[in-house]
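Visitor:
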Amino acid sequence: MVRLPIEAAALLDDITANLPILLGRNLIGIYLYGSITNSSFNPNRSDIDCIVVTLSRLNEAQFRKLDAWLDAMTTSNSWTTRLQMSFLVKAQLLKYSDPSNAPNSCLYQFGKLQRCGSDGNPIIWLDHLRSGKTLVGPPAESFLPRITEEMLTAALTRELGYLREELENPKSKWRDLTMYRAYATLTICRILYTQAKGTVVSKPMATRWVIRTFPKCSSEIIEKALSYNETGRDVQISLRSLRRFLEFCESH
71 MVRLPIEAAA LLDDITANLP ILLGRNLIGI YLYGSITNSS FNPNRSDIDC
121 IVVTLSRLNE AQFRKLDAWL DAMTTSNSWT TRLQMSFLVK AQLLKYSDPS
171 NAPNSCLYQF GKLQRCGSDG NPIIWLDHLR SGKTLVGPPA ESFLPRITEE
221 MLTAALTREL GYLREELENP KSKWRDLTMY RAYATLTICR ILYTQAKGTV
271 VSKPMATRWV IRTFPKCSSE IIEKALSYNE TGRDVQISLR SLRRFLEFCE
321 SH
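Residue numbers for the sequence shown follow the numbering used here, so the first one is 71 and each next one is one higher.
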């Protein structure tokens, strides 16, 4: 795992120490994935991506205690609001659950804990299996169902659908932000890589592969997205170019 800023490392220590107390026997394990466990971590922009697996749905008392603890952590550790933590029920892993029908999952993101459904995303698990780290509990391989090619293809299609929904929505609060357009560009690159290779790598690694493999494909916005990801300096990624890149990915 990469060398972390002091506060980020302290946050992981606090999570490791306190979640077993807050969730008790309901906790199965805590699993890191994403840039924090590979070479793409950028302390100025990266999030901390984490999966918490539980035996059953968080009850109201557990949800309230967890919410209060996370809220208190935001005042003592600024990295807390950069934590993206999914709470998934073991028996429901890799399965879709309707958020309108007694949602089993929870998500902590942007400093807020909320109940939600799950799209059964295998991509995050492939990422963890490749380079992730277990903070608490048994290895994910010991309980995670087999990820099939059909599961992965369906997940990649959903990811493209999420991007298209955002880019086509004139009321979106995200689509006109440089940060989101760079994120979308790099995400499309990783989808192209995963479609071709059947595995998940960091976005920068996938992006370099796309540039080599499709040298005439939206290279300008890809370079701009990489530049933003590395430096945080404002770049101009046009909505039209991003839509064309998304269409290219959908056709492959």
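The beta-carbon is built from N, C-alpha and C at its ideal position, and this holds for glycine as well.
(1) For the alpha helix (DSSP H) that contains residue 231, what are its first and last residues?
(2) Looking at residue 155: is its Cβ nearer than 7 Å to the Cβ of residue 107?
(3) Please report the straight-line C-alpha distance between residue 99 and residue 190, rounded to a whole angstrom.
(4) Specify the secondary structure class of residue 166 as computed by DSSP and reduced to three states.
(5) Can you give me the start and stop residues for the alpha helix (DSSP H) that residue 280 sits inside?
(6) Kindly list the residues whose CB is nearer than 7 Å to the CB of residue 93, restricted to its own chain and excluding five residues on each side of it in sequence; keep chain order.
(7) Taking all protein chains shown into account, decide if residue 322 is buried (16 or more other Cβ within 10 angstroms of its Cβ) or exposed.
(8) With three or more beta-carbon pairs closer than 8 Å as the criterion, would you say the stretch 221 to 237 touches the stretch 281 to 298?
(9) Return the Cβ separation of residue 81 and residue 121 in integer angstroms, given the expectation that the two are a contact with Cβ distance under 8 Å.
(10) Which residue from 237, 194, 105 and 79 puts its Cα closest to that of residue 269?
(11) How big is the Cα-Cα spacing for residue 177 and residue 278?
(12) In or out: residue 175 buried (at least 16 other Cβ within 10 Å) or exposed?
(13) Mind checking whether residue 294 and residue 305 have CB atoms under 7 Å apart?
(14) Does DSSP classify residue 71 as helix, strand or coil?
(15) Name the DSSP beta bridge partners of residue 183, please?
Guide: Quick answer:
(1) 219 to 237
(2) no
(3) Residue 99 and residue 190 have their alpha carbons spaced roughly 17 Å apart.
(4) coil
(5) 273 to 283
(6) 124 and 132
(7) That one is exposed.
(8) With a cut-off of 8 Å, the stretch 281 to 298 and the stretch 221 to 237 do not count as touching, because too few Cβ pairs lie within range.
(9) With 8 Å as the limit, residue 81 and residue 121 do not qualify as a contact, their Cβ atoms being about 16 Å apart.
(10) It is 194 whose Cα lies nearest to the Cα of residue 269.
(11) 31 Å
(12) buried
(13) yes
(14) coil
(15) 178
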